[in-house]
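Numbering (my numbering), first residue to last: 15 to 470. From the three backbone atoms N, C-alpha and C, an ideal C-beta is built for every residue, glycine too. Working notes for the structure below.
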């Protein structure tokens with residue numbers, strides 16, 4: 015009886031320990047002390063912010079992964095670097111340095127990430143060799159012995175790469191990373207084919223190794239990285255923007271043809287594309303996606319607080335050359351503002367939020383431009399979608415923002431945000447004094463170019 019009770023107690027204690035076990039991540043970034051970082055989780059192909067992190071005096075970042083899903087996570091804020099790692103219920107320890115962060119990554123603990131970063135390193139070497147050989151196949155005289163050696167080497171490198179990936183998958187078939195490795199397989203290309211024939215064959219077979227039905231892959235960057243590589247096949251160095259958009263539209267349609275009967279895949283890919291092509295201003299592709307692939311389920315994406323129907327309306331109703339409706343408000347200083355009374359030919363209407371990291375950087379750049387005016391030639395009208403009065407007021411005070419500021423603390427329910435069909439922050443409209451939209455953008459470079467053009 016006593017032994018039986020002891021056995022029960024041991025089992026209970028083991029279960030409690032198992033439940034309390036934490037799988038922690040420690041990342042040490044040399045030269046990156048006491049800094050803030052953003053922590054993302056990949057979900058439905060998209061990285062979503064789930065927390066902010068802070069490095070200590072020694073550049074250490076500690077993450078409690080207790081209860082976190084298996085999949086890929088991302089950290090940003092390390093200069094222009096983004097760092098992705100795989101979590102699969104194991105301790106993770108990784109070292110690097112602030113300078114050349116991604117080139118200096120050293121995985122101390124975590125089989126998943128050791129394999130993953132070895133894969134990235136080796137695959138880069140293979141691809142460099144293949145790229146060089148492609149150039150030699152194109153330019154080197156064909157009636158030479160060396161050209162024959164080039165063709166043999168082209169076959170050899172592809173086989174080496176194929177065998178490396180196959181062995182890595184076989185040795186690690188129980189790991190999450192094996193799914194990502196499988197995606198990395200590229201079509202075998204015959205050196206006897208001319209460049210156009212090889213390109214055609216590559217386009218036809220490039221996506222064959224993606225299992226779009228495996229939902230586990232949607233918690234990583236595997237599918238999106240492969241799609242971006244696929245898109246590169248449709249780009250030519252001399253393409254103008256409209257030519258590139260037409261070419262990519264073919265590629266987009268080909269991707270959707272791979273997932274015809276998989277609504278989850280269609281939804282995830284459509285949302286990813288809507289963000290991707292919005293950044294590049296490819297409105298033709300966006301309209302195509304919204305008309306044919308976004309269904310009502312996607313439009314109810316509460317987590318992103320974005321109604322994709324607004325995007326479609328924005329493209330059709332708030333485009334260059336359209337005259338905006340007049341609007342007015344009382345700004346944060348109690349002053350009445352009415353757009354139709356503006357005296358400036360150039361007016362930047364900014365929709366932003368203090369909680370938006372991209373907005374933070376953008377406002378710093380806008381301040382430089384705004385304060386550099388010798389004689390005031392343009393105005394900035396900043397409409398905040400903040401909900402927190404405390405955060406907003408602190409941000410305005412800390413940044414010492416002097417342009418026209420308006421907020422009603424209703425967030426996405428702000429009436430002006432609805433009137434302008436705002437679906438993301440930051441969003442900027444450049445409008446002349448007659449109320450005609452000159453441009454819509456979310457990039458500071460566009461603002462600088464427009465100001466430069468207007469001043470000349």
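From the options, residue whose alpha carbon lies closest to that of residue i
i           : options            : result
residue 101 : 377, 129, 47       : 129
residue 447 : 353, 272, 160      : 353
residue 168 : 140, 192, 195, 288 : 140
residue 148 : 180, 203, 122      : 203
residue 341 : 356, 259, 366      : 356
residue 176 : 38, 272, 109, 133  : 133
residue 80  : 106, 466, 74, 97   : 106
residue 278 : 292, 307, 236      : 307
residue 115 : 179, 425, 91, 426  : 91
residue 338 : 387, 275, 273, 452 : 452
residue 418 : 424, 427, 349, 238 : 349
residue 44  : 118, 66, 444, 89   : 118
residue 268 : 253, 406, 216, 236 : 216
residue 124 : 63, 191, 231       : 191
residue 428 : 343, 178, 88       : 343
residue 300 : 266, 276, 273      : 266
residue 98  : 458, 126, 73       : 126
Own chain, CB closer than 6 Å to residue i, minus 5 neighbours either side, in chain order
i           : result
residue 242 : none
residue 41  : 75, 108
residue 378 : none
residue 408 : none
residue 295 : none
Per-residue DSSP class, three states only, for residue i
i           : result
residue 386 : coil
residue 360 : strand
residue 61  : strand
residue 404 : helix
residue 455 : strand
residue 182 : helix
residue 91  : strand
residue 71  : coil
residue 368 : coil
residue 208 : coil
residue 51  : strand
residue 229 : helix
residue 344 : strand
residue 315 : Unreliable positioning characterises residue 315 in this predicted model, as indicated by a pLDDT of 37, which lies under 50. A coordinate reading is not provided.
residue 418 : strand
residue 320 : Reliability of the predicted coordinates at residue 320 is poor, the pLDDT of 41 falling under 50, and no value is obtained from them.
residue 219 : helix
residue 170 : helix
residue 66  : strand
DSSP beta-bridge partners of residue i
i           : result
residue 107 : 40, 123
residue 337 : 450
residue 393 : 361
residue 442 : 364, 455
residue 86  : 100
residue 77  : 39
residue 56  : 61
residue 351 : 343
residue 398 : 366, 421
7 Å CB neighbourhood of residue i in its chain, flanking five on each side removed
i           : result
residue 38  : 76, 77, 78, 79, 105
residue 214 : none
residue 155 : 161
residue 152 : 209
residue 71  : 47, 48
Same chain only: Cβ atoms within 8 Å of residue i, ignoring 5 sequence neighbours per side
i           : result
residue 431 : 365, 397, 399
residue 401 : 423, 424, 425
residue 231 : 193, 194, 197, 224, 225, 237
residue 68  : 48, 49, 50, 51, 75
residue 122 : 107, 108, 109
Residue i beta carbon near the ligand SAM (any heavy atom closer than 7 Å)
i           : result
residue 253 : No copy of the ligand SAM appears in this structure; indeed no ligand is present at all.
| request: Evaluate the contact criterion for the stretch 356 to 367 versus the stretch 433 to 446: three or more CB pairs, one atom per stretch, below 8 Å. | output: yes
| task | Examine the Cβ distances between the stretch 207 to 224 and the stretch 242 to 262 and report whether three or more of them are shorter than 8 Å. | result | yes
| task | Determine contact between the stretch 53 to 66 and the stretch 281 to 290, defined as no fewer than three beta-carbon pairs at a distance below 8 Å. | result | yes
| At least three beta-carbon pairs within less than 8 Å, the stretch 47 to 56 to the stretch 187 to 206 | no
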